[in-house]
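> Protein chains in written order, with this note's numbering: chain A, 139 to 251; chain B, 2 to 113. By construction, the Cβ of each residue, glycine as well, lies at the ideal position given by its N, Cα and C atoms. I have a structure I would like to understand better, so I am pasting it below and will then ask my questions one at a time.
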Amino acid sequence: SAVISQKPSRDICQRGTSLTIQCQVDSQVTMMFWYRQQPGQSLTLIATANQGSEATYESGFVIDKFPISRPNLTFSTLTVSNMSPEDSSIYLCSVTPTRLEAFFGQGTRLTVV
Amino acid sequence: DQQVKQNSPSLSVQEGRISILNCDYTNSMFDYFLWYKKYPAEGPTFLISISSIKDKNEDGRFTVFLNKSAKHLSLHIVPSQPGDSAVYFCAASAPQGGKLIFGQGTELSVKP
Numbered sequence: 139s140a141v142i143s144q145k146p147s148r149d150i151c152q153r154g155t156s157l158t159i160q161c162q163v164d165s166q167v168t169m170m171f172w173y174r175q176q177p178g179q180s181l182t183l184i185a186t187a188n189q190g191s192e193a194t195y196e197s198g199f200v201i202d203k204f205p206i207s208r209p210n211l212t213f214s215t216l217t218v219s220n221m222s223p224e225d226s227s228i229y230l231c232s233v234t235p236t237r238l239e240a241f242f243g244q245g246t247r248l249t250v251v
Numbered sequence: 002d003q004q005v006k007q008n009s010p011s012l013s014v015q016e017g018r019i020s021i022l023n024c025d026y027t028n029s030m031f032d033y034f035l036w037y038k039k040y041p042a043e044g045p046t047f048l049i050s051i052s053s054i055k056d057k058n059e060d061g062r063f064t065v066f067l068n069k070s071a072k073h074l075s076l077h078i079v080p081s082q083p084g085d086s087a088v089y090f091c092a093a094s095a096p097q098g099g100k101l102i103f104g105q106g107t108e109l110s111v112k113p
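This is how it looks when you write it as structure tokens:
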């Protein structure tokens with residue numbers, strides 16, 4: 139298994155500002171994933187973060203809005219930029235040590251006012 | 002286009018009985034399927050998974066069944082306990098990249 143530490147666990151932010159979410163894993167992993175869960179919705183993949191290369195974004199998500207860093211094999215950050223109330227969601231990072239298992243951080247509950 | 006569907010938003014079961022949570026998918030390229038439990042204000046907790054080359058995987062009280070011809074999988078929890086009350090998500094993984102596609106979730110309530 140993998141233990142993922144994600145912070146902050148929650149935040150309330152003013153619209154127009156940015157928030158950076160950090161994700162630390164207790165082992166080296168090739169890929170890290172960032173998901174969003176909007177209120178009452180399922181989990182949607184934002185992007186895949188690879189060490190040493192640019193992140194790969196899913197349809198509907200762009201780098202200017204959600205810049206991602208992956209400086210090494212145990213750490214990644216996701217920034218939510220120029221926030222609006224529609225960005226209020228739970229943001230989650232995830233790793234997949236094998237194809238048969240995937241583990242998540244505890245999530246960051248973001249409220250934009 | 003919803004590639005992974007959980008058509009039951011909620012399920013209520015008596016303690017000690019069986020809980021059956023269902024999931025359908027459309028993409029035949031999915032080769033791994035995973036089930037998660039999620040409490041409010043927490044990240045999803047991995048429960049059990051199955052490869053597409055199998056039709057059943059069992060781990061304690063949890064069993065996942067896969068019917069590839071019907072593109073259907075189910076999670077059985079026996080016996081159900083009040084602590085099992087949570088939202089359950091099924092997820093599918095495609096060969097490229099390992100990303101997960103999630104269903105909408107089913108909220109399970111186990112009554113004492």
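With 8 Å set as the bound, which would you pick, yes or no: does the beta-carbon of T186 of chain A sit closer than that to a beta-carbon of chain B?
Counted from its first residue, the first sequence places residue 186 of chain A at position 48. With 8 Å as the cut-off, T186 of chain A counts as an interface residue toward chain B.
> Relative to chain A, which residues along the stretch 94–109 of chain B have a C-beta separation below 8 Å, given in chain order?
S94, G98, G99, K100, L101, I102, F103, G104, Q105 and G106
> Which chain B residues sit within Cβ distance under 9 Å of G243 of chain A?
In the first sequence, the residue the question calls residue 243 of chain A occupies position 105. In chain order: G44.
> Rounded to the nearest angstrom, how far is the Cβ of L248 of chain A from that of D164 of chain A, given a contact under 8 Å?
Taking the first residue of the first sequence as 1, we reach residue 248 of chain A at position 110. Taking the first residue of the first sequence as 1, we reach residue 164 of chain A at position 26. Distance from L248 of chain A to D164 of chain A at the Cβ level is roughly 24 Å; contact not present, criterion being Cβ atoms closer than 8 Å.
> With H, G and I counted as helix, E and B as strand and the rest as coil, what does DSSP make of P113 of chain B?
The residue you call residue 113 of chain B lines up with position 112 of the second sequence. P113 of chain B falls in the coil class under three-state DSSP.
> Report yes or no: do the stretch 232–241 of chain A and the stretch 41–54 of chain B share at least 3 C-beta pairs separated by less than 8 Å?
yes
> For a quick check, are the C-beta atoms of Y26 of chain B and K72 of chain B less than 8 Å apart?
The count along the second sequence starts at 1 and reaches residue 26 of chain B at position 25. The count along the second sequence starts at 1 and reaches residue 72 of chain B at position 71. Yes, the pair counts as a contact, with Cβ atoms nearer than the cut-off.
> Please list, in chain order, the residues of the stretch 25–55 of chain B that have any C-beta partner in chain A closer than 9 Å.
Those residues of the stretch 25–55 of chain B that come within reach of chain A (Cβ to Cβ, closer than 9 Å) are D32, Y33, L35, Y37, K39, A42, E43, G44, P45, T46, F47, S50, I51 and S52.
> Just checking: is the beta-carbon of F66 of chain B within a distance shorter than 8 Å of some beta-carbon in chain A?
For the purposes of this step, residue 66 of chain B is identified with residue 65 of the second sequence, where counting begins at 1. By this cut-off, F66 of chain B is not an interface position.
> Return helix, strand or coil for D225 of chain A, following the three-state DSSP convention.
Along the first sequence, one-based indexing puts residue 225 of chain A at 87. In this structure, D225 of chain A counts as helix in the three-state DSSP scheme.
> Can you say whether K100 of chain B is buried or exposed, counting buried as having 16 or more other CB atoms within 10 angstroms of its CB?
Locating residue 100 of chain B in the second sequence gives position 99, counting from the first residue. Buried.
> Mind checking the stretch 146–171 of chain A against chain B and listing, in chain order, the residues whose C-beta falls within less than 7 Å of any C-beta there?
Of all residues in the stretch 146–171 of chain A, M169 and F171 have a Cβ within less than 7 Å of some Cβ in chain B.
> From the DSSP output, which residues share a beta bridge with T215 of chain A?
What you label residue 215 of chain A is simply residue 77 of the first sequence in a count that begins at 1. Note: T215 of chain A sits in a beta bridge opposite A:Q160 and A:S207.
> For P45 of chain B, which three-state DSSP category applies?
Locating residue 45 of chain B in the second sequence gives position 44, where the first residue counts as 1. Residue state, collapsed to three classes: coil.
> Compare the C-beta of F90 of chain B against all C-beta atoms of chain A and say whether one is closer than 8 Å.
Taking the second sequence and counting its residues from 1, the one referred to as residue 90 of chain B is at position 89. It does; some Cβ of chain A falls within 8 Å.
> Could you check the C-alpha separation between N210 of chain A and L76 of chain B for me, to the nearest Å?
For the purposes of this step, residue 210 of chain A is taken as residue 72 along the first sequence, with counting starting at 1. For the purposes of this step, residue 76 of chain B is taken as residue 75 along the second sequence, with counting starting at 1. Spanning the alpha carbons of N210 of chain A and L76 of chain B requires a straight line of approximately 36 Å.
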